[in-house]
Amino acid sequence: MSVQPPTPGNDANEPGGGRPDIPDEMWERFVGECETSPGSAPKEPSARARMVTERLRKADEEAAARRRTRRWGRKRQPEPWQPEGWRTGPAWQETEGGRRGRGGRLGRAGMALGAGVTALALLYALDPALVRSWLPDGADGAGPAAPLPAETAAPAAAPEEELLPGRPTVKQPFAGSPAKRWAEGADAIEVPEATAVGGVPAVEIRAALERTRKFLVAANLDRDVLYGAEPAEALALLDPLMGKTVDRIRKSLDKPGEDNDPTWLFTRFDRDEVRLAGEAVKVRGRMEVTENEQGVPRIRADYTFVYPLARAEGGEEVARTVVRRVVDVDVLHGPRWEHTEGTLWMYGYNGDIANDTCDEHDGFIHPQFVADRYANPATGEERDPYDRSKPVEEWTGEGECLAASRT
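Numbering-wise, the sequence shown is residues 1 to 407 according to full-length UniProt numbering.
This is how it looks when you write it as structure tokens:
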């Protein structure tokens with residue numbers, strides 16, 4: 001059974017309990033001598049006062065000694081208003097600078113912290129580069145950051161946004177972007193380990209994965225193609241027996257339009273408008289192999305490309321375009337399927353482009369810079385182009401023109 005310990009120094013059965021054993025007359029005289037006027041000059045205490053003070057001091061020490069002994073190693077009974085399991089500290093913490101003292105210090109610290117945050121926000125609005133320069137490397141949106149491991153499955157959520165995202169520049173084109181930690185260029189498109197699927201040997205699966213990788217590189221990373229050239233190498237990888245599909249793709253390059261837009265498969269910019277800011281294009285994604293409903297191996301390549309761009313006429317402003325590509329390739333094998341060896345049988349493709357105009361269909365992507373966005377703000381639903389946690393089918397819709405939450 002739990003018992004509430006008695007309050008130290010107030011147990012009538014304890015020696016020395018209650019007030020120390022001092023005659024009332026002596027106590028009253030001592031109190032009278034101590035109640036001097038605040039404005040009077042300090043006086044040397046009398047011998048009798050010194051004697052009383054000494055006896056009081058000794059009595060307090062004895063009471064404190066008894067209190068410490070009784071509390072040693074024992075859990076205090078909670079007070080009625082405290083929740084069960086609340087650990088209460090010794091009484092001296094609550095009275096001698098304990099709860100009240102800590103509360104006062106925390107209040108002042110909280111006020112100082114709030115004022116500091118407000119000042120920091122104002123300073124960041126005036127000079128963001130200065131504020132970011134105070135942060136550790138990698139925390140300012142521009143410094144070095146640890147690279148991410150290769151993606152092997154869909155992430156659980158979109159990457160977190162930085163507290164003080166840096167602004168992209170020609171020297172730091174990925175400042176403030178999650179892509180700063182991504183791999184770059186063709187090396188970022190890794191071919192997974194191949195195994196036999198649907199009766200197709202692993203060696204053929206591996207070859208199909210390699211061809212898919214070559215197509216992605218030729219369609220989205222080739223510099224000539226990025227500046228508007230025909231993606232000849234990518235087209236050469238497509239199986240000509242696909243017939244109308246290949247014809248439609250070629251027509252979109254020759255006569256682009258709203259219903260035949262080559263940018264849904266190839267990344268191309270107008271070299272008279274923009275240039276790449278630097279040499280790097282950041283890439284993140286993965287390839288997976290499954291069986292389709294007919295037991296044929298199907299490769300799904302799902303990659304996001306981040307392109308930093310500056311105006312062709314020069315300048316330091318950098319705008320990023322984020323392109324997500326999803327390509328499905330069927331690996332046809334044996335005499336059952338008519339196909340051309342060494343090519344890709346493209347089952348379908350999908351994707352989205354963040355930071356592009358929605359009303360131009362001339363076969364090029366047209367990035368928007370700050371002035372462009374103010375003049376023609378996006379009005380659609382806002383989405384995060386860096387969010388790879390959802391299948392691309394959940395992001396896209398026919399005729400949709402969405403707003404990017406960041407690039």
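Glycine residues also receive a C-beta, built at the ideal position from the N, C-alpha and C atoms.
Keep in mind that this is a model prediction, so the values were computed, not measured.
Let me check understanding here. Comparing Cα to Cα, which of the options lies closest to residue i?
i	options	result
D259	T152, P159, R383, C358	C358
D352	E316, M346, D362, A403	A403
L235	G243, A219, L226	A219
A280	D222, W264, E291	D222
Y303	G285, E341, L238, N292	G285
R388	A153, E382, P149	A153
Q172	R324, A312, L276	L276
R311	V200, G176, H339, R271	R271
P192	V246, I299, G243	I299
A183	V327, V329, A156, A145	A145
L332	V326, R248, E341	E341
Y227	R383, E394, H366, V203	H366
Y349	R325, D362, A188, A375	R325
I249	N376, E394, G363, D384	G363
V200	E291, Y386, T212	E291
P147	A157, P178, P155	P178
Q368	E381, Y307, A194	Y307
A301	A157, P149, Y374, E210	E210
E190	V217, A202, E382	V217
M242	V329, L309, P231, P385	V329
D372	D356, A157, V327, V203	D356
residue 408	P377, Y347, A375	The chain is shown only over 1 to 407; residue 408 falls outside these bounds and no answer can be derived.
Could you tell me the alpha carbon to alpha carbon distance between residue i and residue j, rounded to whole angstroms?
i	j	result
A354	P335	42 Å
F305	W337	33 Å
V274	V289	37 Å
E162	K180	12 Å
V283	E151	11 Å
A229	R268	8 Å
V322	W345	26 Å
P391	M287	13 Å
K255	F215	22 Å
T343	D239	5 Å
A175	A188	19 Å
P159	E313	33 Å
G295	G278	44 Å
L265	H339	22 Å
I247	L164	It is Asp, not Ile, that sits at residue 247 in the sequence shown. Roughly 48 Å between the two C-alpha positions.
R406	P262	24 Å
K251	G257	10 Å
L253	G198	35 Å
P297	V203	13 Å
Taking DSSP as the reference, what is the three-state secondary structure of residue i?
i	result
F215	helix
P262	helix
N220	helix
D384	coil
E293	coil
D247	helix
V370	helix
D362	coil
L332	coil
G39	Its pLDDT being 46, under 50, G39 is placed unreliably in this model, and the coordinates cannot settle the point.
D352	strand
V225	helix
E338	coil
A319	strand
V281	coil
A404	strand
L235	helix
A301	strand
Cβ contact check for the region 312-329 and the region 158-175: 3 or more pairs under 8 Å: By the Cβ test, the region 312-329 is in contact with the region 158-175, since at least three Cβ pairs between them sit closer than 8 Å.
Segments assigned beta strand (DSSP E), at least 3 residues, entirely inside the region 170-208: none
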